[in-house]
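Here the structure is laid out as structure tokens; the discussion comes afterwards.
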Amino acid sequence: MDVATFNLVASASEGLAERQNPMKRSNRKLKMGSIVAATPLLVLLIGFLVIPLSYIFWGSFEGTKLNFAHYGRVFASAVNFNILLHTLRVGLIVTVVSLLLGYPVAYLLTKVRSLSLSILSVFILIPLFTAFLIRTYAWMIILGREGIINNALIWLGLISAPLQLLNTTFAVVVGMTHVFVPMAIFTMYSAMARIDHDYAHAAQILGAKPVQAFLRVYLPLTLPGVFSAGILIFITAIGFYITPALLGGPSDTMISQLIVDQMTTLLNFDLGYASSMVLLFVTIAILFVASLFIPLEMIWSSETSSPDREPRAAARLLKRAKRMLGPLVAAIEGGTHAVTRPLLTKNGGWLWAYTVAILMFLTAPLIVVVILSFSSSPFVVFPPPGFSLQWWQKLANAADWHQSFFFSIQLGIAAAFVATIIGTMGAFWLVRTKFMFKKMLFLVSLSPLMVPVVIIATSLYVFEARLKILGTFTGLVIGHVLLSVPYVIVVMAAALRNFDASLEPAAAVHGARPHQVLRLVTLPILKPALLTASLLAFLTSFDELLVGLFLLGRQTPTLPIKFWADIKYQIDPLLSAASTLIVVLVTASIITVQLIRVRYEKRTAASAAE
């Protein structure tokens, strides 16, 4: 090789190296960025979920002693085993009832215009984000011996003595259904909104009856969303604590109550650990069965099944079974068509009437609470004998309620701030970064939603005691952040998937640096999603009871704990005044977010038109 050729080759190699070095630096920056974005989320999940759960799992069989007798006590004891079966039975009933009640409303939401959708959404969101304790308190008033239902039945002459409605399984099912119907509506709606109604219309054009078009075309397309809502409701219901504890009787004890009693009253930690693990294993089994029908990530994300997606093995088995039962299905379709034909009008009047009835079911308990806050009676009597502001005056002078309220606000803001940062960074990592097992890691990031809250509270109680942060504000914030982060991830991941990816490179081409692109382009566009995520995180913290009961220590009681302590000993209109204040704040927050969302959509549409 001569000198000229050598110099040419060397020059070409240097040029290639110069071009490759920026690419390498860019790749290193991307890797470092993904590591930075993922670290807070992974530290939170591993440090305060996986490790604490491993502690109670280890303690459930006393570690190296391998003593599994505590698990035997859970199943061998008739009382404990019946509590487990009752928990599963109530969870199943509540799930089925919530889906049946919510499905027509979710269907209507896919048919209405934007303004009607916003108005209907507000009436569903207010009960959804109102504290469980307030809604349960309202049902205690409605179902009591001197409650609205009993007084109405006596006044109508249908009964001569009050019925035992409170402290029954019926009361528990009604109260929990009231909690889960809004969740069912929005979960199913997120799936239905992506389904084109023209499929059903085309089936009718080809000769199918309206009922056949619905049952054979539209309903199968919505089943993944219905199944997702059912799994979400069921795994939440079997870990429910507040409503069964206040509306149920001794025979209505659920496993979450058993765990709390074992850990806080009986101090039987080993049995409490074993009971927690049994509930966790049941939850894992439910999720495994669900994974045979749909991808688990569909339960917590807006992704839904498309008509051309290959169904899972279990779903294909059900499809074959449906073919075998073809004659029976045809008979059911014919009978249903004969019954519903008068209702199948073009304006859908019956559907609107049904939706209004469901909205009344959801909002009526809250209205009862608001009315009682102005009662002149020293007792809870409905309707109130007169109008008075005495309970608002007592609330204004109740220093203990003020302290709890402002402490909950402080805690909620701190938890929402940290959760929004961690969740947003985690969402960027999960959506923007390409790596193996991405779907699995997305599920891991949402694992606090899969684990019943009573198990999280129990594990954090044990772990934070070892870290010596139990009973501190930091320990309480960590618990609330852990429960809030999944909601932030779900909202921000959905927003990032719908984000126009071409905007950021366009800004970079015009000279914007990465941090400027993030600050001036990405985050302003994501502002409505950030606001929604922050509000969800705040309301999750503001409403949380169980984690507070375990981690509070000697700090000022949060508002749910203050409410819980008072409601167990007395029911008076002062609780109604406090509840009304919270309902007003929640309503104002939801309306504000809806107005911001509508304003943003109008601005975006106007910009697109220009």
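To convert, count from 1 in the sequence shown and add 31; that's our numbering. Backbone N, C-alpha and C define an ideal beta-carbon position, used for all residues, glycine too.
Based on Cα-Cα distance, which residue from the options lies nearest to residue i?
| i | options | result |
| --- | --- | --- |
| Pro415 | Ala215, Val401 and Phe324 | Val401 |
| Leu72 | Ile315, Leu477 and Arg104 | Leu477 |
| Tyr134 | Pro213, Val482, Pro517 and Leu237 | Pro213 |
| Ser287 | Ala395, Phe92, Ser191 and Val578 | Val578 |
| Ala321 | Leu84, His117, Gly261 and Leu567 | Gly261 |
| Tyr492 | Phe448, Arg544, Ser408 and Phe300 | Phe300 |
| Ala427 | Thr553, Leu606, Ala316 and Phe459 | Leu606 |
| Ser406 | Ile398, Leu393, Leu420 and Ser108 | Leu420 |
| Leu97 | Ala305, Thr267 and Ile172 | Ala305 |
| Leu80 | Lys593, Ala109, Pro517 and Leu554 | Pro517 |
| Pro536 | Leu567, Ala525, Asn529 and Val552 | Val552 |
| Ile602 | Arg550, Leu140, Leu323 and Ser404 | Ser404 |
| Phe88 | Ile150, Pro251, Ala222 and Leu311 | Leu311 |
| Ile520 | Leu263, His101 and Ser565 | Ser565 |
| Ala526 | Ser533, Glu495, Ala560 and Met294 | Ala560 |
| Trp383 | Leu626, Thr126, Val143 and Gly94 | Val143 |
| Leu197 | Leu76, Leu298, Thr274 and Leu567 | Thr274 |
| Ile173 | Ala596, Ile398 and Phe319 | Ile398 |
| Arg497 | Thr70, Ser307, Met308 and Gly78 | Gly78 |
| Ile157 | Ile185, Gly454, Arg628 and Val624 | Val624 |
| Ala268 | Ile236, Phe106, Thr70 and Thr126 | Thr126 |
| Ile452 | Ser490, Ser515, Lys465 and Ala430 | Ser515 |
| Thr314 | Phe466, Gly270, Ala183 and Ile150 | Gly270 |
| Trp170 | Met471, Leu393, Val614 and Asp227 | Leu393 |
| Met481 | Val121, Ile266 and Leu252 | Ile266 |
| Leu576 | Lys499, Ala276 and Gly380 | Ala276 |
| Asp227 | Asp431, Glu93 and Leu250 | Leu250 |
Using the rule of at least 16 other Cβ atoms within 10 Å of the residue's Cβ for burial, across every protein chain shown, is residue i buried or exposed?
| i | result |
| --- | --- |
| Ala202 | buried |
| Leu302 | buried |
| Asp574 | buried |
| Ile621 | buried |
| Val136 | buried |
| Met391 | exposed |
| Pro338 | Since pLDDT at Pro338 reaches only 43, below the 50 mark, its modelled position is unreliable, and the value read off the structure follows with that caveat. Its Cβ having fewer than 16 others within 10 Å, Pro338 is exposed. |
| Arg630 | exposed |
| Gln424 | exposed |
| Ile190 | exposed |
| His117 | buried |
| Val484 | buried |
| Gly584 | exposed |
| Val67 | exposed |
| Met54 | Model confidence at Met54 stands at a pLDDT of 48, short of 50, so the residue's coordinates are unreliable and nothing is read from them. |
| Glu495 | buried |
| Gly443 | buried |
| Glu45 | Here the model assigns Glu45 a pLDDT of 49, short of 50, so the residue's position is not dependable, and the following value carries that caveat. With fewer than 16 other Cβ atoms within 10 Å, it is exposed. |
| Ser336 | Note that Ser336 has pLDDT 43, beneath the 50 cutoff, so the model's placement of it is unreliable and the number below is only indicative. Its Cβ being crowded by 16 or more others within 10 Å, Ser336 is buried. |
| Leu626 | exposed |
| Gly506 | buried |
| Gln243 | buried |
| Leu178 | The identity of residue 178 in the sequence shown is Gly, whereas the question assumes Leu. Its Cβ being crowded by 16 or more others within 10 Å, Gly178 is buried. |
| Trp422 | buried |
| Gly175 | buried |
| Val411 | buried |
| Val121 | buried |
| Ala222 | buried |
Would you list the one or two residues that DSSP bridges to residue i?
| i | result |
| --- | --- |
| Ser406 | Phe418 |
Rounded C-beta distance between residue i and residue j? I'm assuming under 8 Å.
| i | j | result |
| --- | --- | --- |
| Arg166 | Pro396 | 6 Å |
| Thr200 | Asp292 | About 19 Å; that fails the 8 Å criterion. |
| Ser572 | Ala446 | 4 Å |
| Ile598 | Tyr272 | Rounded, the Cβ-Cβ distance is 14 Å, inconsistent with contact. |
| Ile155 | Phe211 | With 8 Å as the limit, Ile155 and Phe211 do not qualify as a contact, their Cβ atoms being about 12 Å apart. |
| Tyr230 | Leu140 | That belief does not hold up - the Cβ atoms of Tyr230 and Leu140 are roughly 18 Å apart, past 8 Å. |
| Val617 | Phe160 | 5 Å |
| Val204 | Ile114 | Actually they do not touch by this definition, with Cβ atoms about 16 Å apart. |
| Ser65 | Thr455 | Contact doesn't hold; Cβ gap of about 14 Å is too wide. |
| Thr208 | Val128 | 5 Å |
Any heavy atom of the ligand GTP closer than 7 Å to the beta-carbon of residue i?
| i | result |
| --- | --- |
| Ile486 | With respect to the ligand GTP, the structure offers nothing, as it holds no ligand at all. |
For this session: Ignoring anything shorter than 4 residues or poking outside the region 502–533, list the alpha helix (DSSP H) runs there in chain order.
Result: If only uninterrupted alpha helix (DSSP H) runs of at least 4 residues are considered, those enclosed by the region 502–533 are 504–528.
For this session: Output the residue ranges of the alpha helix (DSSP H) runs that lie fully inside the region 191–248 and measure 4 residues or longer, sorted by chain position.
Result: As for any alpha helix (DSSP H) of minimum length 4 sitting wholly inside the region 191–248, the runs are 200–223, 229–236 and 241–244, ordered along the chain.
For this session: Output the residue ranges of the alpha helix (DSSP H) runs that lie fully inside the region 74–104 and measure 4 residues or longer, sorted by chain position.
Result: The region 74–104 contains these whole alpha helix (DSSP H) runs: 82–91.
Exercise. For the region 472–506, which segments carrying the alpha helix (DSSP H) assignment without a break, of at least 4 residues, lie completely within its bounds, in sequence order?
Worked result: If you keep only unbroken alpha helix (DSSP H) runs of at least 4 residues inside the region 472–506, you get 478–481 and 484–498.
For this session: Let me know the alpha helix (DSSP H) ranges lying completely inside the region 151–185, each 4 residues or longer, listed in chain order.
Result: For the region 151–185, whole alpha helix (DSSP H) runs of length 4 or above, ordered along the chain, are 163–174.
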